[in-house]
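In what follows, a structure is listed as structure tokens, so that the remarks can point back to it.
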Amino acid sequence: MIRAGLLDIAAALGLRIDADDPHLAEVEIAGVSIDSRQLLPGNLFVAIAGARVDGHDYLAAAQAAGASAALVSRPVASDLPQLQVADTAAALADIARRWRLCCPARVVGITGSCGKTTVKHLTSQILTLAGPCHTSAGNLNNEIGLPLSVCALPDSARFAVFEMGAGKPDDIAVLANIAHPDVALVNNVAAAHLERLHSLDGVASTKGALYSMLPDSGIAVINADDAYADYFAGLCGHRTIYRFALDHPADIQGQVLATSVERQRLAIRTPLGAFAVELPLPGRHNARNALAACALALAAGAELADLAAGLATASTTPGRLQTLHLANGVTLIDDSYNANPGSMQAAIDTLAQAPGQRWLVLGDMRELGADSARLHHEVGAYARSRGIEQLFAVGSESLHTCAGYGAGAEHFADQASLIARLQTELTAEGTCLIKGSRGSAMDRVVRALGAIQDGGSDHVA
Numbered sequence: 000m001i002r003a004g005l006l007d008i009a010a011a012l013g014l015r016i017d018a019d020d021p022h023l024a025e026v027e028i029a030g031v032s033i034d035s036r037q038l039l040p041g042n043l044f045v046a047i048a049g050a051r052v053d054g055h056d057y058l059a060a061a062q063a064a065g066a067s068a069a070l071v072s073r074p075v076a077s078d079l080p081q082l083q084v085a086d087t088a089a090a091l092a093d094i095a096r097r098w099r100l101c102c103p104a105r106v107v108g109i110t111g112s113c114g115k116t117t118v119k120h121l122t123s124q125i126l127t128l129a130g131p132c133h134t135s136a137g138n139l140n141n142e143i144g145l146p147l148s149v150c151a152l153p154d155s156a157r158f159a160v161f162e163m164g165a166g167k168p169d170d171i172a173v174l175a176n177i178a179h180p181d182v183a184l185v186n187n188v189a190a191a192h193l194e195r196l197h198s199l200d201g202v203a204s205t206k207g208a209l210y211s212m213l214p215d216s217g218i219a220v221i222n223a224d225d226a227y228a229d230y231f232a233g234l235c236g237h238r239t240i241y242r243f244a245l246d247h248p249a250d251i252q253g254q255v256l257a258t259s260v261e262r263q264r265l266a267i268r269t270p271l272g273a274f275a276v277e278l279p280l281p282g283r284h285n286a287r288n289a290l291a292a293c294a295l296a297l298a299a300g301a302e303l304a305d306l307a308a309g310l311a312t313a314s315t316t317p318g319r320l321q322t323l324h325l326a327n328g329v330t331l332i333d334d335s336y337n338a339n340p341g342s343m344q345a346a347i348d349t350l351a352q353a354p355g356q357r358w359l360v361l362g363d364m365r366e367l368g369a370d371s372a373r374l375h376h377e378v379g380a381y382a383r384s385r386g387i388e389q390l391f392a393v394g395s396e397s398l399h400t401c402a403g404y405g406a407g408a409e410h411f412a413d414q415a416s417l418i419a420r421l422q423t424e425l426t427a428e429g430t431c432l433i434k435g436s437r438g439s440a441m442d443r444v445v446r447a448l449g450a451i452q453d454g455g456s457d458h459v460a
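Note that numbering that gives the first Met the number 0 has the sequence shown beginning at 0, numbered continuously upward.
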């Protein structure tokens with residue numbers, strides 16, 4: 000994590016303070032926090048003024064938790080040493096950018112419409128076998144989360160893996176300027192955040208900044224199966240490119256040998272050699288995510304043996320195609336963390352592979368702008384085309400999902416009604432998949448059904 004004297008941080012931010020003031024000169028910073036409840040002794044507390052909570056109201060709590068100093072945008076009555084700046088979020092980003100440049104780690108930057116967190120997780124598992132690896136916790140991928148992740152980077156790490164999200168134009172350019180990745184991936188382009196990015200071309204342009212901002216020595220990893228692969232290659236100029244794919248020629252080539260609703264067996268060919276591995280994640284999209292992780296890890300400096308071992312020990316994360324079980328034997332696939340049209344189709348494809356009765360439970364997809372009704376309708380139609388026997392949906396936009404599915408779809412005005420229906424419907428053996436955007440809070444439905452985590456003992460032939 001970042002370690003520096005308070006005077007050094009002040010100088011880096013261009014602040015003029017009294018260097019002879021012992022109250023400031025002896026202060027040492029070890030790490031950064033924006034939450035007084037999670038703050039560790041020695042942290043610099045950054046007071047962020049949000050829409051609902053203002054960090055300036057929590058300096059006393061931060062001091063009680065052991066903060067060494069605070070970064071503020073207005074003076075606060077406290078004996079905690081303070082550095083005052085015009086914009087604490089911008090200052091946090093600047094501190095993170097400067098710390099990144101002090102660290103020798105080879106940095107991997109990941110963005111894309113779907114699968115960012117899964118690819119980050121898989122890449123980190125591989126690179127951990129090759130050397131000390133730091134990765135962002137959870138999905139800390141925005142203008143606040145990424146700087147916090149970078150500030151937590153140990154200067155002893157050999158690798159770092161950071162996820163970058165974009166909800167508006169220029170987001171990726173801003174984040175790339177903080178993380179300075181050596182290896183970059185835009186995992187895919189799909190209809191997401193269209194309220195501000197407007198079109199798939201807008202998504203590609205925003206995400207593609209990650210390639211444009213690579214150093215000349217950087218390596219671009221490109222999904223050759225994505226419709227924007229050639230566009231992204233054009234952004235890379237003379238930089239080295241590693242391509243991965245299931246369906247097109249690529250440097251890292253994959254084939255699905257066998258699959259089940261919980262896992263799959265892959266054959267993977269790389270420039271360093273070939274191997275087969277049982278990936279404990281379901282879905283063709285996760286096969287492609289595994290290839291992305293292999294390409295990123297190779298570009299960062301991993302060996303062939305690291306790839307196979309890292310993928311074999313992968314695990315699902317809560318809310319992302321996590322296999323659970325109900326007491327009555329129904330298999331529940333919790334994919335409730337988030338959703339957009341691309342990830343919806345991938346989830347439906349996974350459910351379609353399950354034997355027996357299949358129930359699809361969907362919430363709204365958010366931030367789709369003027370195309371929302373059409374895109375929800377298309378998801379419903381796709382579920383019908385894949386043979387899903389039953390669709391349950393909740394949320395105003397999901398009325399269009401039901402219309403796309405047609406006869407047999409059931410729409411509910413609220414989650415309580417949906418849960419009551421599921422508790423009577425899910426009584427026979429089969430598989431139920433639950434998914435929706437974060438704002439739809441479909442994880443509440445999962446919890447209400449009383450699912451327990453799968454033991455993970457099944458294998459594919």
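For glycine and all other residues, C-beta sits at the position ideal for the given N, C-alpha and C.
Helix, strand or coil at ASP305 [DSSP, three-state] = Helix, per DSSP.
Three-way DSSP call (helix, strand, coil) for THR423 in this model = Of the three classes helix, strand and coil, the one that applies to THR423 here is helix, per DSSP.
Assigned exposure category for ASN176 - 16 Cβ within 10 Å defines buried | A residue is called buried when at least 16 other Cβ atoms come within 10 angstroms of its Cβ; ASN176 does not meet this threshold and is exposed.
Backbone secondary structure at ARG443 - three-state DSSP = In the structure shown, ARG443 sits in a helix (DSSP, three-state: H, G or I).
Using 10 angstroms around the beta-carbon of PRO340, count the other beta-carbons present and answer buried if the total reaches 16, otherwise exposed.
-> Burial of PRO340 is indicated by the presence of at least 16 other C-beta atoms within 10 angstroms of its C-beta.
On the three-pair Cβ rule with 8 Å, is the segment 355-364 touching the segment 383-401?
-> Yes, the segment 355-364 is in contact with the segment 383-401.
Selection from ASP370, LEU280, ALA298 and HIS324 that minimises the alpha carbon distance to ALA346 | The alpha carbon of ALA346 has as its nearest neighbour, out of ASP370, LEU280, ALA298 and HIS324, the alpha carbon of LEU280.
With contact counted as at least three CB pairs below 8 Å, one residue from each stretch, are the segment 116-130 and the segment 316-333 in contact?
-> The segment 116-130 is in contact with the segment 316-333.
Rank VAL182, GLU277 and LEU199 by C-alpha distance to the C-alpha of TYR241 and give the top, closest one.
-> Selected option, being the one with the closest Cα: VAL182.
For the ligand GTP, any of its heavy atoms closer than 8 Å to the Cβ of VAL106?
-> Looking at this structure, you won't find the ligand GTP or any other ligand, since it has none at all.
If you scan the segment 333-419 from start to end, which runs of the alpha helix (DSSP H) of 4 or more residues do you find wholly inside it?
-> Within the segment 333-419, the complete alpha helix (DSSP H) segments at least 4 residues long are 340-351, 371-384 and 397-404, listed from N- to C-terminus.
Backbone secondary structure at GLY455 - three-state DSSP = Interpretation of GLY455 is limited by its pLDDT of 43, a score under 50 that renders its predicted location unreliable; no figure is taken from the coordinates.
Measure the C-alpha to C-alpha separation of VAL445 and ILE433 and round it to an integer number of angstroms.
-> Near 7 Å, if we compare the C-alpha coordinates of ILE433 and VAL445.
Nearest-angstrom Cα separation, counted from LEU14 out to LEU43 | Spanning the two alpha carbons is a distance of roughly 16 Å.
State the start and end residues of the unbroken alpha helix (DSSP H) segment that holds GLN254.
-> In the DSSP annotation of this structure, GLN254 is not part of any alpha helix (DSSP H); the continuous beta strand (DSSP E) holding it starts and ends at 251-258.
Pick out whichever of ASP56, GLN37, PRO40 and THR330 has its Cα sitting closest to the Cα of ALA46.
-> The shortest C-alpha separation from ALA46 is found at ASP56.
Where ASN337 falls, given that 16 or more other Cβ within 10 Å makes a residue buried = Burial call: buried.
Where the alpha helix (DSSP H) through THR117 begins and ends = Where THR117 is concerned, the enclosing alpha helix (DSSP H) starts and stops at 115-127.
Proximal residues to ASP215 (C-beta, below 8 Å), its chain only, five neighbours per side dropped | Result list for ASP215: HIS237 and ARG238, in chain order.
With DSSP as the reference, label ALA63 as helix, strand or coil.
-> In the three-state DSSP reduction, ALA63 falls in the helix class (H, G or I).
Using the DSSP secondary-structure output, state which residues sit across from GLN263 in a beta bridge.
-> Per DSSP, THR258 and LEU278.
Could you pull out every residue in the same chain whose Cβ sits closer than 7 Å to the Cβ of ALA291, ignoring the five residues on either side in sequence?
-> Result list for ALA291: VAL118, LEU184, ASN186, VAL220, ASN222 and PHE243, in chain order.
Pull up the distance between the alpha-carbon of ALA68 and that of MET0, whole angstroms please.
-> Across the structure, ALA68 and MET0 are spaced so that their CA atoms are roughly 16 Å apart.
Could you give the residue range of the beta strand (DSSP E) that holds HIS284?
-> Premise fails: HIS284 lies in the alpha helix (DSSP H), 283-299, not in any beta strand (DSSP E).
Could you check if ASN509 is buried or exposed, using at least 16 other CB atoms within 10 Å of its CB as the buried criterion?
-> Residue 509 is absent from the model: the chain starts at 0 and stops at 460.
Could you tell me whether the Cβ atoms of CYS113 and SER342 are closer together than 9 Å?
-> Yes.
Ends of the alpha helix (DSSP H) at ASN222?
-> Element bounds for ASN222: not the alpha helix (DSSP H) but the beta strand (DSSP E), 218-222.
Cα separation between LYS167 and PHE231?
-> Each residue's alpha carbon lies about 19 Å from the other.
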